[in-house]
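All remarks here apply to the structure that follows.
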Amino acid sequence: MLISYQAVGLRSGLVLLSLLVLLLSFVVSVAFGQYTVPLHSVWDAFWQYDPNSIDHVIIHTTRMSRAIVACAVGAALAVSGVLMQTLTRNPLASPAIFGVNAGAVFFIVLFAQVFSVTTLNDYIWIAFVGASLAGALVYGLGSMGHDGLSPVRIVLAGAAISALFMSFTQGLLVIGQEGLDSVLFWVAGSVSGRELDTILPILPYLGAGLFVALLLSPHINILLSGDDVAKGLGQNTLLLKVALSVLIIGLAGISVALAGNIGFIGLVVPHMVRAFVGNDHKWLIPLAAVWGASLLLLSDVVSRFVLAPEEVPIGVVTALIGTPFFIYLARKGRKHG
Amino acid sequence: MAKQWVVRQRWGSFSVPYQALLALILITMVMLLVMWVSLCLGDTLIMPRDVLATFLSESSSEFAFVVEVLRLPRLLMAAMVGAALAVSGLVLQSMIRNPLASPDIIGITSGASAAAVTFLSLFAGLGMGWLPVFAIAGALVAALAIYVLAWRNGVTPMRLILVGIGVSAAMGAVTTLLIAVSSTATSITAYIWLTGSVYGSDWHDVRALAPWLLVSMPLTLCLARRINAQELGDQLATGLGISVQRLRLVLLGLSVLLAAPAVAYAGAVGFVGLIAPHIARRLVTRSFGLLMPATAMIGASLVMLADLIGRTLFQPLDIPAGVFVSAIGAPFFIFLLYRQRF
Chain A
312 MLISYQAVGL RSGLVLLSLL VLLLSFVVSV AFGQYTVPLH SVWDAFWQYD
362 PNSIDHVIIH TTRMSRAIVA CAVGAALAVS GVLMQTLTRN PLASPAIFGV
412 NAGAVFFIVL FAQVFSVTTL NDYIWIAFVG ASLAGALVYG LGSMGHDGLS
462 PVRIVLAGAA ISALFMSFTQ GLLVIGQEGL DSVLFWVAGS VSGRELDTIL
512 PILPYLGAGL FVALLLSPHI NILLSGDDVA KGLGQNTLLL KVALSVLIIG
562 LAGISVALAG NIGFIGLVVP HMVRAFVGND HKWLIPLAAV WGASLLLLSD
612 VVSRFVLAPE EVPIGVVTAL IGTPFFIYLA RKGRKHG
Chain B
104 MAKQWVVRQR WGSFSVPYQA LLALILITMV MLLVMWVSLC LGDTLIMPRD
154 VLATFLSESS SEFAFVVEVL RLPRLLMAAM VGAALAVSGL VLQSMIRNPL
204 ASPDIIGITS GASAAAVTFL SLFAGLGMGW LPVFAIAGAL VAALAIYVLA
254 WRNGVTPMRL ILVGIGVSAA MGAVTTLLIA VSSTATSITA YIWLTGSVYG
304 SDWHDVRALA PWLLVSMPLT LCLARRINAQ ELGDQLATGL GISVQRLRLV
354 LLGLSVLLAA PAVAYAGAVG FVGLIAPHIA RRLVTRSFGL LMPATAMIGA
404 SLVMLADLIG RTLFQPLDIP AGVFVSAIGA PFFIFLLYRQ RF
């Protein structure tokens, strides 16, 4: 018992520390860039907004929305990665396996070419519809077997559907090049250029998704011991799997719609967190959310400086920052099972 | 009634289930058909019997140039690239015991890609002949890095996967970064290379790639029994007298030996390495010795078909074969998934 209390203490400490890092990353992300805003102005911009101050205007028009998008997308991707790896019992799985990225990009290209949609705000909804549609298709194919959703099937179906959508996209781009510009944004991924008014209505859905994931975490722990055991313990595994799939598609779909295709976070952050807290989802899910958000915030800051005044694609930075740490953790091995 | 064809000889013995034999024959026929059709179709339409005639008759016919100089080397390149990548994927999936493993996800292809894009954007002055050298070196370095980084009292499949994803992500980042900073012309060349294309292949390329396959394919087949045993799990395999660690190193090396030259000459054709083994598994038994030829032929057919579509459907545009590999492979695979739902 004593040991478990100690573990809880350690983990709580870890959560606190992570939250602190997140807060720090957020402030850094708002303050630093091509134009550095002094820290006291950052403080004032929140509490005593002055429309005549350049600092305050910069924070309110560009930096804030960027930081919020990075935060939300990082958290959503990391959590949907955790759920995906659990659902498919495959460490190689990432939200992208559900076909959400490929689906979103295909729909954007399709609508850009056929219906001449051009505004960024419309794209968000189109991307979300495409992501959900691809996700639903993968889910349908993956759960057609007589024993319901099977991990291997869903992984294979996902890989196939993703590849199919990807090649449709390439085919469309070959026929007409109009979609190319708009598509590059999604392929490379970016957290900039979103208006605060567009983002804010979406955030409650993301928050709800994360909250539901946290609520389900004890049940996910049970599912982890295998379908038969979970059923024996009285769990409705089918319902749980459907819920998890909806969560994954929703969270990943929203993040693709907001920021495009940002790899690495959904795949790697879950492994990073697992190295510290093991497979207990009560800790894994909140920590993954916080780490994913911090990593994306910091990567966004770095992406502004590497090739200034040009910005580097954010996915490149996440990979370059995260990989060494990830490999270190992979070598160290997991704490539990 | 015997359900399999059994051979017992002094030099060895093997058995082939009739069903698998039938599937193998079928796959071979499909592959030959794809080859034949590919030689017929194109800018100039050639009748099937004329294609045969160019091979059979001594005197050079009017189509000899189109068939033997333009289409045949390109076809052979597509076939070899497809076969090599497919078998490389099969070897990795067997070694790591994970159905998602493929040369692209483990970092071998991405290592080659990163090296090739580095070459295209920084060292292109050396002459394009150096591109394959860079690509093969990149794949080797990536594989070596994965193995060394995954080593801790031996490598486990799990660590190999995780480190592979990491290395692959880093290489992908380097590739994207280089494309982002280099000029537009270089970016376009790099993009086409990354998609994978056998455009403009000639006999010189075929002669360069063929020896690699002549070494790696038979070598893979020789290891079939050990791979079968290894798939049972480390403990069982060790119990059967297999040095699991050494086999793992050999298999990783083999998958590089298969994938790297193919990627070097045709670019990073994706998806074949992942999908061809799965298609094969659904048609033939799970025994590696039978899976391997089936996988190789399916991979070859996929890339040949993709190239055929790429160069005929959108004439006069010549679309890289890499684009259509998944357009053909994915629906077929989804159909197989659907058929076996019970």
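So the sequence lines, in the order shown, correspond to chains A and B.
Per this note's numbering: the first sequence = residues 312 to 648.
Per this note's numbering: the second sequence = residues 104 to 445.
Each residue gets a CB set at the ideal place from its N, CA and C atoms; glycine is no exception.
Chain B residues whose Cβ lies nearer than 8 Å to that of residue i
i        : result
A:Ser478 : Val426, Phe427, Val428, Ser429, Ala430 and Ala433
A:Phe409 : By Cβ distance, chain B contributes nothing, its closest Cβ being about 13 Å from A:Phe409, past 8 Å.
A:Leu475 : Ser429, Ala430, Ala433, Pro434 and Ile437
Chain-ordered neighbours of residue i on chain A, where CB pairs are closer than 7 Å
i        : result
B:Leu195 : Here the premise fails: no neighbours, minimum Cβ distance about 12 Å.
B:Val284 : Leu618
B:Arg255 : Arg642
B:Gly269 : Thr634, Phe637, Ile638 and Ala641
B:Ala273 : Ala630, Leu631 and Thr634
B:Leu252 : Ile638 and Arg642
Interface residues of chain A facing residue i [CB-CB closer than 9 Å]
i        : result
B:Val266 : Phe637, Ile638, Ala641 and Arg642
B:Gly336 : Those do not exist, as B:Gly336 stays about 17 Å from chain A at its closest Cβ, beyond 9 Å.
B:Tyr294 : Chain A residues near B:Tyr294: none, gap ~10 Å exceeds 9 Å.
For residue i: DSSP bridge partner residues
i        : result
B:Val110 : B:Phe117
Start and end residues, alpha helix (DSSP H) containing residue i
i        : result
B:Met150 : First-last for B:Met150: undefined, no H or E at that position.
A:Thr347 : Here A:Thr347 belongs to no alpha helix (DSSP H), and DSSP marks it neither H nor E.
A:Gln396 : Met375 to Thr399
A:Asn412 : Val411 to Val425
B:Ile291 : Thr287 to Thr298
A:Ile565 : Thr548 to Ala570
B:Thr259 : Looking at the DSSP string, B:Thr259 is not in any alpha helix (DSSP H), and its letter there is neither H nor E.
B:Pro364 : Val347 to Ala369
B:Thr216 : Residue identity differs from the one stated: residue 216 of chain B is Ser in this sequence, not Thr. Run containing B:Ser216: Ile211 to Leu225, per the alpha helix (DSSP H) assignment.
B:Met400 : Phe391 to Thr415
B:Tyr302 : Per DSSP, B:Tyr302 belongs to no alpha helix (DSSP H) and is neither H nor E.
B:Arg384 : Val375 to Leu386
B:Gln338 : Asp337 to Gly342
B:Asn331 : Ala327 to Gln333
B:Pro434 : Ala424 to Arg442
A:Ser292 : Residue 292 of chain A falls outside the range modelled here, since chain A spans only 312 to 648, and no answer is possible.
B:Met198 : Leu175 to Ile199
Closer than 8 Å at the beta carbon, the chain A residues around residue i
i        : result
B:Phe52  : Given a span of 104 to 445 for chain B in the structure shown, any question on residue 52 of chain B remains unanswerable.
B:Ala246 : What B:Ala246 touches in chain A: nothing, since even the nearest Cβ is about 15 Å away.
B:Leu440 : Leu452, Met455, Arg464, Leu467, Ala468 and Ala471
Contact set between residue i and chain B, taken where Cβ atoms lie within less than 9 Å
i        : result
A:Pro624 : Ala276, Thr279, Leu280 and Ala283
Closer than 7 Å at the beta carbon, the chain B residues around residue i
i        : result
A:His582 : Leu265
A:Gln481 : Val426
A:Val627 : Ala276, Thr279 and Leu280
Three-pair Cβ contact test at 8 Å for the stretch 413 to 429 of chain B versus the stretch 296 to 304 of chain B: yes
Counting Cβ pairs, one atom from each stretch, are 3 or more of them under 8 Å apart for the stretch 416 to 429 of chain A and the stretch 392 to 404 of chain A? no
Within 7 Å of chain A by C-beta, residues of the stretch 195 to 210 of chain B in sequence order: Asn201, Pro202, Leu203 and Ile208
Along the stretch 366 to 382 of chain B, where does the CB come closer than 9 Å to a CB of chain A? Name the residues. Gly373, Phe374, Leu377, Ile378 and His381
If we count Cβ pairs, one from each stretch, closer than 8 Å, do we get three or more for the stretch 228 to 244 of chain B versus the stretch 347 to 367 of chain B? yes
For the 8 Å Cβ check, are there 3 or more pairs between the stretch 269 to 276 of chain B and the stretch 635 to 645 of chain A? yes
Along the stretch 562 to 579 of chain A, where does the CB come closer than 8 Å to a CB of chain B? Name the residues. Gly574, Phe575, Leu578 and Val579
For the pair the stretch 545 to 564 of chain A and the stretch 620 to 629 of chain A, tell me if three or more CB-CB distances fall below 8 Å. no
For the 8 Å Cβ check, are there 3 or more pairs between the stretch 397 to 414 of chain A and the stretch 566 to 582 of chain A? yes
Between the stretch 247 to 266 of chain B and the stretch 381 to 400 of chain B, do three or more beta carbon pairs fall short of 8 Å? no
Is the stretch 347 to 361 of chain B touching the stretch 329 to 336 of chain B in the sense that three or more CB pairs, one from each, lie closer than 8 Å? yes
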